[in-house]
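Heads up, the thing below is written out as structure tokens.
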Amino acid sequence: MQIMKAIPHRYPFLLLDKMEDIKAAESAVGIKNVTVNEPFFQGHFPARPVMPGVLIIEAMAQTAATLVVLTLGKAFEGKLVYFMTVENAKFRRPVGPGDQLRIYVNKERARGTVWRFRGVAKVDGVVVAEASFSAMIVD
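No gaps in the numbering here: position 109 of the sequence shown is 109 in the UniProt record's numbering, and each next residue is one more.
Structure below.
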């Protein structure tokens, strides 16, 4: 429930189930339990379901946005956090039903309403995706 207070995303686009290891203004770990019932698996791909890479990057962004709001406090709950850049995105292996995606985000810098992060997504301790990205908080 705290994630839904922090960011405005809702099903089917809320891609976080839990947050752990939150270090305000520094880092956090987001968890997404990937199930066969995810709506994107109906078309990506029915015979071999694979979580789209862009949604893994979105889960990184949601983890970072939640960290930002939890860092800045109640005045920022429900504010929109928009992507500004995504750089050096790499996808190392497919993510599918039954996987638990652990999303590690680390703040690289923050200037005013613009924050820059490095994200790494892992399944069973193995890196499946990584990217650097920046986002801006808007009213």
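Idealized CB from N, CA, C, for every residue including glycine.
Just so you know, these numbers come straight off a predicted model, no measurement behind them.
**Request:** Would you tell me roughly how many angstroms separate the C-alpha atoms of Phe13 and Ile22, rounded to the nearest one?
**Result:** The alpha-carbon of Phe13 is positioned some 22 Å away from that of Ile22.
**Request:** For Asn33, decide whether its Cβ has a neighbour in chain C, counting only Cβ atoms nearer than 8 Å.
**Result:** Structure shown: chain C not included; a single protein chain is present.
**For Phe76, three-class secondary structure by DSSP** = Note: Phe76 maps to helix in three-state DSSP.
**Item:** Selected residue, minimal CA-CA separation from Met51, among Ala75, Met136 and Pro39
**Value:** Of Ala75, Met136 and Pro39, the residue nearest in Cα terms is Pro39.
**Pairwise C-alpha distance: Lys79 and Pro8** = Straight-line Cα distance between these residues: approximately 7 Å.
**Asked** Per the contact definition of three or more C-beta pairs closer than 8 Å, is the region 106 to 113 in contact with the region 54 to 62?
**Response** With a cut-off of 8 Å, the region 106 to 113 and the region 54 to 62 do not count as touching, because too few Cβ pairs lie within range.
**Item:** Proximity to Pro97 [Cα-Cα], best of Asn37, Met1, Met19 and Lys5
**Value:** Nearest of Asn37, Met1, Met19 and Lys5 to Pro97, Cα basis: Asn37.
**Contacting residues, own chain, Cβ-Cβ under 6 Å from Lys90 (five flanking each side not counted)** = Listed in chain order, the non-local C-beta contacts of Lys90 below 6 Å within the same chain comprise Glu130, local neighbours out to five positions each way being set aside.
**Item:** DSSP state of Phe22 mapped onto helix, strand, coil
**Value:** Correcting the residue identity first, residue 22 is Ile in this sequence and not Phe. The answer is strand: DSSP assigns Ile22 an E or B state.
**Request:** Indicate, with yes or no, if the ligand ADP has a heavy atom lying under 7 Å from the CB of Gly98.
**Result:** In the structure shown, the ligand ADP is absent, as is every other ligand, since no ligand is present at all.
**Residue range of the alpha helix (DSSP H) that includes Ile3** = Segment Gln2 to Ala6, the alpha helix (DSSP H) holding Ile3.
**Asked** Assuming Ala64 and Trp115 make a contact with CB atoms under 8 Å, what is their CB distance in whole Å?
**Response** Your pair Ala64 and Trp115 checks out as a contact, with CB atoms roughly 7 Å apart and the cut at 8 Å.
**Item:** Span of the beta strand (DSSP E) around Tyr104
**Value:** Bounds of the beta strand (DSSP E) holding Tyr104 are Gln100 to Arg111.
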